[in-house]
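One structure is given below, encoded as structure tokens.
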Amino acid sequence: MAELSAADRIFAAIRAIPRGQVAGYGEIARRAGLPGRARLVARLLSENSDPRLPWHRVLRSDGRIAMPDGSKGHAEQTRRLRAEGVWVENGRVRGLKAAATIDEQIWGMPPE
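So for the sequence shown, my numbering puts the first residue at -10; every next one is plus one.
Following this line, the structure appears as structure tokens:
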């Protein structure tokens, strides 16, 4: 059996985001086994033509929509997220907590 390409792994990670939830570009890269490849995730999404891909669930790590405010893409992403019950205010998803790093998952929260 052939190994999945990086793009296939990224698209699978995006499809796995449950309705009403979001993930950052970097988190998608990590879930796809490609840590540090957030820009690849963004590039693949910008080239995507699959209307069934839930691209709207992918955000910047700080919870902001990456597209420019006022653009058609920004408005569409906001609309889709709100339709799923996600609270979007001023281009940012509220209540989004940054994903834990692998060190935090294994060792707990970092020292202050």
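Every residue, glycine too, gets a C-beta built ideally from N, C-alpha and C. The model shown is predicted, which means the values in this text are computed figures rather than measured ones.
In this structure, how does DSSP classify residue i when only helix, strand and coil are distinguished?
| i | result |
| --- | --- |
| PRO100 | Because the pLDDT of PRO100 is 48, which lies under 50, any placement of that residue in the model is unreliable, and the question is left without a value. |
| ARG53 | strand |
| VAL30 | helix |
| ARG139 | The structure shown does not extend to residue 139, since the chain spans only -10 to 101, so no value can be given for it. |
| GLY25 | coil |
Measure the CB-CB distance between residue i and residue j and report whether it falls below 8 Å.
| i | j | result |
| --- | --- | --- |
| GLY13 | SER50 | yes |
| ARG41 | GLY80 | no |
| ARG(-2) | GLY22 | yes |
| ILE17 | ALA(-4) | no |
Tell me, which residues are paired with residue i by DSSP?
| i | result |
| --- | --- |
| ALA12 | VAL47 |
Say whether the segment 27 to 42 touches the segment -4 to 13, bearing in mind that this needs 3 or more beta-carbon pairs closer than 8 Å, one atom from each stretch. yes
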